[in-house]
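Chains as they are written, first to last, in the numbering used here: chain B, 568 to 636; chain A, 4 to 169. Every residue gets a Cβ at the ideal spot worked out from N, C-alpha and C, and that includes glycine. Small disclaimer: the values here were computed from a predicted structure and weren't measured.
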Amino acid sequence: MTTLERALAETGHRLLLVAARSEPGVDETLIANRLRLSPGDRLKSFESFNRDARQIMLAGQRARGEHAA
Amino acid sequence: MSTPPELKVSEIFRRLAEADVDFVVIGGIAVVLLGSARNTKDLDITFATDATNLEALGKVLIDLNARLRGVHADVPFVPDARTLRHVSLLTLDTDAGWLDLLAEPPGGPPYATLRANATEVDLGGYSIRVADIDDMITMKNTAGRLQDLADIDELETIKRLRKRMG
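What follows is the structure, encoded as structure tokens:
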């Protein structure tokens with residue numbers, strides 16, 4: 568830390584230590600909603616989303632003139 | 004990069020269950036079944052390596068027209084019990100989507116323990132086993148990729164919310 572402070576001081580800067588509250592990267596509401604579903608319904612939801620996402624991906628490829636499988 | 008085929012997870016599960024294959028779901032689909040809303044391109048399973056189970060698993064793979072993913076079709080490959088006995092990891096392309104087979108998932112406990120810890124899930128007409136959340140976290144920690152670290156965050160949240168929701 569001292570070495571870093573000295574190095575920064577040489578360049579006309581000073582070291583500031585800031586503690587920031589970490590933001591949760593997980594959408595708890597979304598997970599809570601999933602937990603209310605049965606595993607079977609979670610799987611159905613996944614398959615539906617996966618199918619739709621794939622269609623969007625294929626449409627994007629067609630729009631760019633790429634070969635879409 | 005080519006678009007992955009549609010992943011028909013229910014189709015693969017139903018075929019494995021109907022053939023009495025002894026397997027446990029791990030990887031992204033396990034995370035989904037445990038409560039995450041994330042997407043994944045493939046289904047990962049681990050399985051018992053006794054001769055009877057490898058025979059049953061091999062038959063399902065042949066029925067699913069399994070071939071080595073990313074390998075030219077000319078390369079001879081028969082996903083039968085004999086092949087399964089000699090491999091620890093197989094990444095396959097099947098008629099129902101990408102399927103990864105891991106005989107010994109890195110970081111996971113021995114199969115018997117993983118199976119004993121797993122939760123049996125009824126999917127309407129058949130059931131499957133999903134790896135225990137703590138075993139999943141251990142395996143994800145070992146894998147250590149960015150997606151695995153994100154999965155760990157979700158799995159820890161799922162654990163906490165499960166307790167809160169009862």
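{"query": "Boundaries (first-last residue) of the alpha helix (DSSP H) holding arginine 148 (chain A)", "result": "Counting along the chain, arginine 148 (chain A) falls outside any alpha helix (DSSP H), and DSSP gives it neither H nor E."}
{"query": "Partners in chain A for valine 641 (chain B), counting only beta-carbon separations shorter than 7 Å", "result": "In the structure as shown, chain B begins at 568 and stops at 636. Residue 641 (chain B) is therefore absent and cannot be evaluated."}
{"query": "Closer than 8 Å to chain A by CB, leucine 602 (chain B)", "result": "yes"}
{"query": "Residues that isoleucine 598 (chain B) contacts on chain A, provided the C-beta gap is smaller than 8 Å", "result": "Gly38, Ser39, Ala40, Glu157, Thr160, Ile161 and Leu164"}
{"query": "Residue from A:Arg85, A:Glu58 and A:Ala69 with nearest C-alpha to threonine 97 (chain A)", "result": "A:Ala69"}
{"query": "Partner residues on chain A for glycine 607 (chain B), Cβ-Cβ distance less than 8 Å", "result": "Val124, Asp125, Leu126 and Gly127"}
{"query": "Members of the segment 86-99 of chain A that neighbour chain B once the beta carbon cut-off is set at 8 Å", "result": "none"}
{"query": "Partner residues on chain A for arginine 618 (chain B), Cβ-Cβ distance less than 8 Å", "result": "Glu9"}
{"query": "Whole-angstrom distance between histidine 89 (chain A) and phenylalanine 616 (chain B), CA atom to CA atom", "result": "36 Å"}
{"query": "Cutoff 6 Å; reference arginine 18 (chain A); Cβ partners in own chain excluding five residues on either side", "result": "Val63"}
{"query": "DSSP beta-bridge partners of valine 27 (chain A)", "result": "A:Thr49"}
{"query": "Secondary structure, alpha helix (DSSP H): runs of 4+ residues fully inside the segment 78-127 of chain A", "result": "84-88 and 114-120"}
{"query": "DSSP state of serine 39 (chain A) mapped onto helix, strand, coil", "result": "coil"}
{"query": "For valine 133 (chain A), the residue or residues it bridges with in DSSP", "result": "A:Val28 and A:Thr122"}
{"query": "8 Å Cβ cutoff, threonine 12 (chain A) in contact with chain B", "result": "It is valine, not threonine, that sits at residue 12 (chain A) in the sequence shown. With 8 Å as the cut-off, valine 12 (chain A) counts as an interface residue toward chain B."}
{"query": "Cβ neighbours of isoleucine 131 (chain A) in the same chain (closer than 7 Å, five flanking residues each side left out)", "result": "Phe16, Ala20, Val28 and Val124"}
{"query": "Contacts around lysine 162 (chain A), its chain only, beta-carbon distance under 7 Å, and the 5 residues preceding and following it disregarded", "result": "Ile136"}
{"query": "Any C-beta of chain B under 8 Å from that of methionine 168 (chain A)", "result": "yes"}
{"query": "Chain A residues whose Cβ lies nearer than 9 Å to that of glutamate 572 (chain B)", "result": "Per Cβ cutoff of 9 Å: no residues; glutamate 572 (chain B) is ~32 Å from chain A at best."}
{"query": "Chain B contact for valine 35 (chain A) (CB, 8 Å cutoff)", "result": "yes"}
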